[in-house]
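All residue numbers for the sequence shown refer to my numbering, where the first residue is 297 and numbers rise by one.
No residue lacks a Cβ here, since even glycine has one placed at the ideal position from N, Cα and C.
Please read these numbers as outputs of a predicted model, since none were measured by experiment.
Worksheet for the structure shown next.
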Amino acid sequence: MDELREILTGGQSFSWSEEADCFSAVLNERVYRVKREEDFYQDSFLKAYYDLDFDYSTARAEISKKDELLKQAVENFPTLRILRQDPWITLISFILSQNNNIKRIKGLYDKLCVNYGHEVEKGYYSFPTPKELERVTISELRDLKVGFRDRYIMDAIEKADILKGLEDLSYDEAEKRLMSITGVGKKVASCILLFGYHRMEAFPIDVWIKKVLNTYYPGKELSYFEPYPALCQQYLFSMARFIKL
């Protein structure tokens with residue numbers, strides 16, 4: 297299970313919970329339970345979700361050659377990959393992520409599921425769809441302790457149709473559309489494009505990545521991380537937390 301922990305619970309997804317002997321998530325209207333990478337071969341949905349068609353071996357080899365920090369990152373997280381998640385779930389997840397930590401984001405995610413999703417299996421709830429959230433009030437969101445993010449979520453619910461067709465737009469156009477949602481800035485938009493649309497040119501810059509760039513890459517342009525900027529970013533994000541930068 298160690299090989300999956302950073303991928304499933306390290307900050308790119310908040311759908312997964314670590315149980316005694318597996319990781320579980322409600323996705324695609326069912327409960328999935330996985331213990332090892334091989335479990336993602338069990339059906340076509342999980343294969344796509346786990347991005348099994350992408351050539352990670354070549355990418356990791358190229359990334360390892362860039363510098364010592366990235367080499368160490370690949371060695372420490374040899375199975376790291378980018379999950380292909382639902383855009384709506386990703387939008388709300390990364391609105392919740394603002395000025396927040398992974399544990400608290402996961403807690404808020406689960407509250408939305410229990411209060412507004414539907415039970416798929418006893419004790420396991422789906423993430424609520426825009427339709428399931430259309431009658432939610434800002435005071436109800438406040439009661440869930442989402443904080444200042446309440447009005448951002450309300451606006452996202454009203455503008456959920458923005459997510460349709462983003463895959464057909466250029467990166468800049470898609471980013472601009474996402475940023476028309478209240479509270480979605482460049483960082484959140486880039487996370488949505490990366491984790492919700494697999495836009496591998498994305499390079500989300502949060503507090504962790506800022507520290508890494510300032511400490512290890514002063515003066516470097518982001519083009520340094522091409523041709524795998526998104527994967528480099530994810531490795532640096534994981535490494536920054538690993539070494540407690």
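By the DSSP assignment, the alpha helix (DSSP H) with residue i in it spans what residues?
| i | result |
| --- | --- |
| Val416 | Looking at the DSSP string, Val416 is not in any alpha helix (DSSP H); the run it does join, the beta strand (DSSP E), is 415–417. |
| Arg447 | 446–454 |
| Val484 | 482–493 |
| Pro525 | 525–538 |
| Ser466 | Taken as a continuous stretch (DSSP letters only), Ser466 belongs to no alpha helix (DSSP H), as it is neither H nor E. |
| Trp312 | From DSSP, Trp312 is part of no alpha helix (DSSP H); its letter is neither H nor E. |
| Val503 | 503–512 |
| Glu299 | 298–305 |
| Asp439 | 434–439 |
| Glu428 | 426–429 |
To which residues of the same chain is residue i closer than 6 Å at the C-beta, ignoring the five residues directly before and after it?
| i | result |
| --- | --- |
| Arg438 | Asp446 |
| Leu518 | Phe499 |
| Phe336 | Leu342, Tyr346 |
| Glu371 | none |
| Lys367 | Ser360 |
Taking the continuous beta strand (DSSP E) assigned at residue i, which residues delimit it?
| i | result |
| --- | --- |
| Val322 | 319–323 |
| Tyr328 | 326–330 |
Closest to residue i by CA distance: which of the options is it?
| i | options | result |
| --- | --- | --- |
| Leu342 | Leu323, Ala357, Ile359 | Leu323 |
| Arg431 | Tyr412, Thr386, Glu302 | Tyr412 |
| Ala485 | Glu299, Phe521, Ile458, Glu417 | Ile458 |
| Ile449 | Leu392, Glu428, Gln381 | Leu392 |
| Ile505 | Phe491, Tyr493, Pro525, His494 | Pro525 |
| Asp351 | Lys418, Ile378, Ala456 | Ile378 |
| Glu334 | Leu348, Tyr467, Ile488 | Leu348 |
| Asn395 | Gly492, Phe444, Ile359, Lys516 | Phe444 |
| Ala344 | Arg380, Ile477, Leu527, Phe423 | Arg380 |
| Tyr420 | Gln530, Phe538, Ser313, Cys528 | Ser313 |
| Ala321 | Ile388, Met475, Ser353, Glu415 | Glu415 |
| Glu325 | Glu371, Thr425, Glu436 | Thr425 |
| Tyr467 | Arg495, Ala316, Asp502, Gly481 | Arg495 |
| Phe310 | Glu358, Cys409, Glu436 | Cys409 |
| Val327 | Val442, Leu365, Lys418 | Lys418 |
| Gln530 | Lys361, Lys482, Lys540, Phe491 | Phe491 |
| Ala357 | Glu428, Tyr513, Leu527, Ala536 | Leu527 |
| Leu304 | Thr354, Glu364, Lys399 | Lys399 |
| Thr354 | Pro523, Lys483, Asn510 | Pro523 |
Return the chain-ordered list of same chain residues with a C-beta closer than 8 Å to the C-beta of residue i, the five sequence neighbours on each side being excluded.
| i | result |
| --- | --- |
| Cys318 | Met297, Arg329, Val330, Lys331 |
| Leu440 | Leu404, Lys407, Leu408, Asn411 |
| Lys362 | Tyr520, Phe521, Cys528 |
Here's a check: name, in chain order, each residue in its chain whose Cβ is nearer than 7 Å to the Cβ of residue i, leaving out the five neighbours to either side.
| i | result |
| --- | --- |
| Ser534 | Glu302, Gly306, Ala369, Phe373, Leu376 |
| Ile477 | Asp451, Ala452, Lys455, Ile458 |
Is it buried or exposed, residue i, if we count other Cβ atoms within 10 angstroms and call 16 or more buried?
| i | result |
| --- | --- |
| Thr386 | buried |
| Pro383 | buried |
| Gly515 | exposed |
| Tyr493 | buried |
| Tyr405 | buried |
| Glu471 | buried |
| Tyr520 | exposed |
| Val442 | buried |
| Lys482 | exposed |
| Val480 | buried |
| Ala536 | buried |
With respect to 7 Å, is the separation between the Cβ of residue i and the closest non-hydrogen atom of the ligand HEM below this value?
| i | result |
| --- | --- |
| Glu325 | In the structure on display, the ligand HEM does not appear, and there are no ligands present to speak of. |
Alpha helix (DSSP H) runs contained entirely in the segment 343–407, provided each spans 4 or more residues: Every unbroken stretch of the alpha helix (DSSP H) spanning 4 or more residues and falling wholly within the segment 343–407 is given here in chain order: 352–360, 364–372, 383–392.
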